[in-house]
Amino acid sequence: MDNKNHRIIELEHVVVKLAGDSGDGMQLSGTQFSDTTAIDGNDLATFPDYPSEIRAPQGTIAGVSGFQLHFGYHKVETPGDLADVLIALNPAALKVNLKWVKSGATIIVDEDSFQEKDIAKAGFVENPLDDGTLDGYRLIKAPITSLSRTTCMELGLDAKSADRTKNQFALGMLYYMFSKDLEVGAKFLDEKFARKELVATANKAVLEAGYHFAENLQEFAVTYRIKPRKDLKGRYRSINGNTAVAWGLMAAAEKAGLDLFLGSYPITPATEILQELAHMKHLGVKTLQAEDEIAGINSAIGAAFAGKLAATSTSGPGLALKSEAIGLAVITELPLVIVNVQRGGPSTGLPTKPEQADLMQSIFGRHGESPVVVMAASTPANCFHYAFMAAKIALEHMVPVILLTDGYLANGSELWKVVKMADLPKIEPRLVKDNDPDYMPYRRDPETLARSWAFPGQEGLRHRIGGLEKEDVSGNVSQDPLNHQKMVTLRQEKVYRVANYIPELKVYGESSGDLLVVGWGGTYGHLISAVRDLQSDGHKISLAQFNYIYPLPKNTKDVLKGFKKIIVCELNNGQFIYWLRTCFPEFQYLTYHKVQGLPFLINELKENFNEILKEF
Amino acid sequence: MTSHQTTQSSHPLSKDDFKPDGPVKWCAGCGDYAILAAVQTVLVELGGRKEDLVFVSGIGCSSRFPYYINTYGFHGLHGRGAAIATGIKIANPSLQVWHITGDGDSMAIGGNHFIHTVRRNIDMNIVIFNNRIYGLTKGQYSPTSPKGLITKSSPDGVIESPFTPGELVMGAQGTFFARAVDTDPKMLRDVLKAAALHNGTSVVEVLQNCVIFNHLTHAAITNKETKDDNQLYLEAGKPMLFGKNMEKGIIRRNNKLKVGVIGEDGVTMDDILVHDPTDPEDMTHYNLVRMGLPEFPVAMGVIRSCDCIESYDQLYEQQLAAARQKSNIKCMDDMLNSGNILDL
């Protein structure tokens, strides 16, 4: 801190966006910086925004990869609408992200990358650094590529590898700007490149070079600090939605006294669930990377028949392929968790972007009368809780459960208070003792209507199940008309009765008022932020965020009737509103939906709600 | 089709242990009955706990099998039996898993699951009832129907080339393949037993007759009058001889298999190939499964049986044990408190 005029200003929260080519290491450096802020005790939410091409042509708009981080002193609910600081490693990154930064924001660019050719490739006519495009922003030009190269050359790294370190130079500047501990960043690199010592050394050197470069800049006479969140007490970790799902399933397996089996097939943005669980053999987790989505779920059904907590993970198109097998799980009444990490569709659609357009598919998308439980997680960290609950419901009610998350929850991270296994609810699978003389495959619990679960290897309980309709109680094959009617009704009623075992719908705010905002799943952070802002402006507005969708919580109707108007907000063309109109046709619903492969913006929500609130 | 029966398994097994309570509902004269009887006999001979037996199937006439044998059973989806069986075996490797399928179920809709199951070498026994027709949907051609076959969906004759299941097994690096006919109970039993004892995926193709929709499709192979000339029963270490008086045999000329008659064209016993099902690199296995009428007899018996690699489930259990031993993380609380944690 040689700069004699140096001052540190305390901020409440900051939104930073890192952007560059998809090979520039934006996701890595973003994760590195968010881990550092977490260790500082800042609350955080992240949003990686990356293209579906692995390496689109360098310097083009298509290849821009971004990572947004919102960190602060208070509870942080979203990655933030607009950035306070943008790092753009090339003109294309600047072009794509300029509309996502606040006016007056700090923009750090790699001036080495603003050559005529690069500027044209990004679609600028003139050099945006000179033509007034960036008037009204605080522009910091840094020779990031050349200084990274110089640093690396001294260590003997080749030019190509040297260029891969430039994200660390930019990050070093951020560490200085926000008074972050370089040691934490260095430790991250040591772990990341544990098997490549030279690469680790070079990255650390470049990180440090960026830090010192910033230190000597007049523009950084003022730097910032965000204090640790003082209401956080206890043990925390930073977790993303996919990891949280994997861990939630593992926790459920342990709690139920069972081993976990996942049959899955790689698909963006759900793949990390398979990868995470493939690394958990030490806890008895078995995974099968199947030949296709269909084999993924069918192997899971086999594992469920054989007595495991069985799950399969996928995204929209994969769920479509699994729908035949979900029907089999419905009629065999086996416990099964199907995790659908939603992405933009239909078809391949926007594979790396979030959307909530698989709701209809989850509720209705099968042949025959085929009810399953549908639920949704609403923050990256609570994916743990809802994966756990999905497994609990599947095991205790002998029913397939579809758990919906989305690309935003899956890849986004937040701070999560570590749970203790002893504090989690019990899970009691419907096990049968060997040689139980009363065992019948389709004899049911009178309260839940769940059948019992006996599996191969158990003595005196041999039975056969399958896709043909079953006779009530005995489970024998039956084509009897009245029996079929009865079984259809029983399977439906079993799903309805899950409502007796799930929590009531919570209202954030007063339980009556002018406007009830209704959301479901991953939109929680944006909706609660908008609703809280308007509440503090004095409006009678509340939020109801649904996690349990089929069946709906029992108090849903009571919640809805407390408000003069209801607006249903979702990232699709209006699917949950359809479901609510079906279940509660007595209410009028307004809608706000968006299908851009992007999360809501808090501001657009507020503007919309304000329009409605004007009438009161 | 009774779905559940509680009988305890403290006595030695007999065929009665596997008898279903309900009626078996295949057509009278169907070849499936012979296969069922052979399987029951083999299970008795093999011994073991009957609770550890699981029969899994897809859809089709053959796939009703689990309802007709009193073990644990799962009647799955069309083509998906192999995937369901895979999940069962990985979940509990101590189970003995049988996958019963047909030529439509395994070669058409389930073709992908079939080849990948074989490639993984999961320890299960796959029995393909090959009648070269779709029976349960009443008579459409299947992927094993011969060219020219006229069926309800090929009124002018099939113009597709048929699959030979054994070729797919070889292509998928399968470790066991055998073939039998439904008319020879002893051959069936021997082959099924060898399949059950094999560690890894064993595939048994049974040439089975559909009396209703493809009657006598295998007649040239199974007829009393022609079977000696049209079947080559392979046994490990024995010369590949066939014919009424074992006067014919398989020889290799110009690197191709040929039928030779001993004493004709200079062919002697020394020219007759000796069967070795155990060598994984032996391309003769591939040549043998491709042999067909009229140029060749059809190869029967255990054509390939290589204990060359460990089964998937064995390897998986080894990895699990190693991971358990290596890791300090023994439970979820350990896991939750490991790595990057932050105490505030």
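Going line by line, the protein sequences match chains A and G.
My numbering puts the first residue of the first sequence at 1, with every later residue one more than the last.
My numbering puts the first residue of the second sequence at 1, with every later residue one more than the last.
C-beta: ideal position from N, C-alpha, C; glycine also.
I'd like the list of long-range same chain contacts for residue i, defined as Cβ closer than 8 angstroms, with 5 residues on each side in sequence excluded.
i, result
"GLN27 (chain A)", "PRO48, TYR50, SER65, PHE67"
"HIS484 (chain A)", "GLU469, SER478"
"MET187 (chain G)", "ALA180, VAL181, TYR233, MET300, GLY301"
Can you tell me whether residue i is buried or exposed? The criterion is at least 16 other CB atoms within 10 Å of its CB, across all chains shown.
i, result
"PRO346 (chain A)", "exposed"
"SER536 (chain A)", "exposed"
"LYS494 (chain A)", "buried"
"SER3 (chain G)", "Its pLDDT being 49, under 50, SER3 (chain G) is placed unreliably by the model, and the measurement read from it follows with that caveat. With 16 or more other Cβ atoms within 10 Å, it is buried."
"LYS147 (chain G)", "exposed"
"GLY63 (chain A)", "buried"
"MET346 (chain G)", "For residue 346 (chain G) there is no data in the structure shown, the boundaries of chain G being 1 and 344."
"ASP423 (chain A)", "exposed"
"PHE616 (chain A)", "exposed"
"MET1 (chain G)", "For MET1 (chain G), the predicted model reports a pLDDT of 40, less than 50, meaning its position is unreliable and no value from the coordinates is stated."
"ALA628 (chain A)", "Nothing can be reported for residue 628 (chain A): it is not among the residues displayed for chain A, which extend from 1 to 616."
"ALA256 (chain A)", "buried"
"VAL285 (chain A)", "buried"
"LYS433 (chain A)", "exposed"
Between residue i and the rest of its own chain, which residues show a CB-CB distance below 6 angstroms, the 5 nearest in sequence each way excluded?
i, result
"ALA357 (chain A)", "GLY345, ASN572"
"GLY457 (chain A)", "none"
"GLU219 (chain A)", "ILE140"
"ASP343 (chain G)", "none"
"PRO280 (chain G)", "CYS306, CYS308"
"ASP13 (chain A)", "First, the amino acid is wrong: residue 13 (chain A) is His here, not Asp. So the list reads GLY72, once near-sequence residues are dropped."
"GLY525 (chain A)", "GLU77, THR78"
State the DSSP-derived secondary structure class of residue i, mapped to helix, strand or coil.
i, result
"ALA322 (chain G)", "helix"
"GLU126 (chain A)", "coil"
"ILE622 (chain A)", "Any question about residue 622 (chain A) goes unanswered here, given that chain A covers just 1 to 616."
"VAL518 (chain A)", "strand"
"ARG462 (chain A)", "coil"
"THR37 (chain A)", "helix"
"PRO66 (chain G)", "helix"
"ILE108 (chain A)", "strand"
"CYS569 (chain A)", "strand"
"GLY171 (chain G)", "helix"
"TRP100 (chain A)", "helix"
Between residue i and the rest of its own chain, which residues show a CB-CB distance below 7 angstroms, the 5 nearest in sequence each way excluded?
i, result
"TYR68 (chain G)", "PRO20, VAL24, LEU36"
"GLU380 (chain A)", "Per the sequence shown, residue 380 (chain A) should be read as Pro rather than Glu. Excluding positions up to five away in sequence, the list reads ILE239, ASN240, GLY241, ALA244, LEU409, GLY412, SER413, GLU414."
"LYS557 (chain A)", "PHE584"
"GLY210 (chain A)", "GLN168, PHE169, ALA170, LEU171, GLY172, MET173"
"ASN230 (chain G)", "ALA220, ILE221, LEU293, PRO297, VAL298"
"TYR176 (chain A)", "TYR211, ALA214, GLU215, PHE220, THR223"
With DSSP as the reference, please indicate the residues paired to residue i in a beta bridge.
i, result
"LEU241 (chain G)", "G:GLY249"
"TRP98 (chain G)", "G:PHE55, G:ASN125"
"SER264 (chain A)", "A:GLN289"
"LYS233 (chain A)", "Note: LYS233 (chain A) sits in no beta bridge, so no partner."
"GLN342 (chain A)", "A:ASP406"
"MET300 (chain G)", "G:TYR233"
"THR151 (chain G)", "G:SER154"
"TYR442 (chain A)", "A:VAL473"
"CYS210 (chain G)", "G:ASN214"
"ILE140 (chain A)", "A:ILE108"
"TYR592 (chain A)", "A:CYS569"
Tell me whether the beta-carbon of residue i lies closer than 9 angstroms to the beta-carbon of residue j.
i, j, result
"ILE108 (chain A)", "ALA205 (chain A)", "no"
"MET78 (chain A)", "SER529 (chain A)", "The amino acid occupying residue 78 (chain A) in the given sequence is Thr; Met does not appear at that position. Cβ atoms of THR78 (chain A) and SER529 (chain A): closer than 9 angstroms."
"ASN209 (chain G)", "CYS61 (chain G)", "no"
"PRO143 (chain G)", "MET107 (chain G)", "yes"
"GLU414 (chain A)", "ILE226 (chain A)", "no"
"PHE74 (chain G)", "LYS50 (chain G)", "no"
"ARG444 (chain A)", "VAL473 (chain A)", "yes"
"LEU13 (chain G)", "GLY48 (chain G)", "yes"
"VAL339 (chain A)", "THR405 (chain A)", "yes"
"TYR236 (chain A)", "LYS417 (chain A)", "yes"
"PRO425 (chain A)", "PRO335 (chain A)", "no"
"ILE363 (chain A)", "SER315 (chain A)", "no"
"GLY466 (chain A)", "SER57 (chain G)", "yes"
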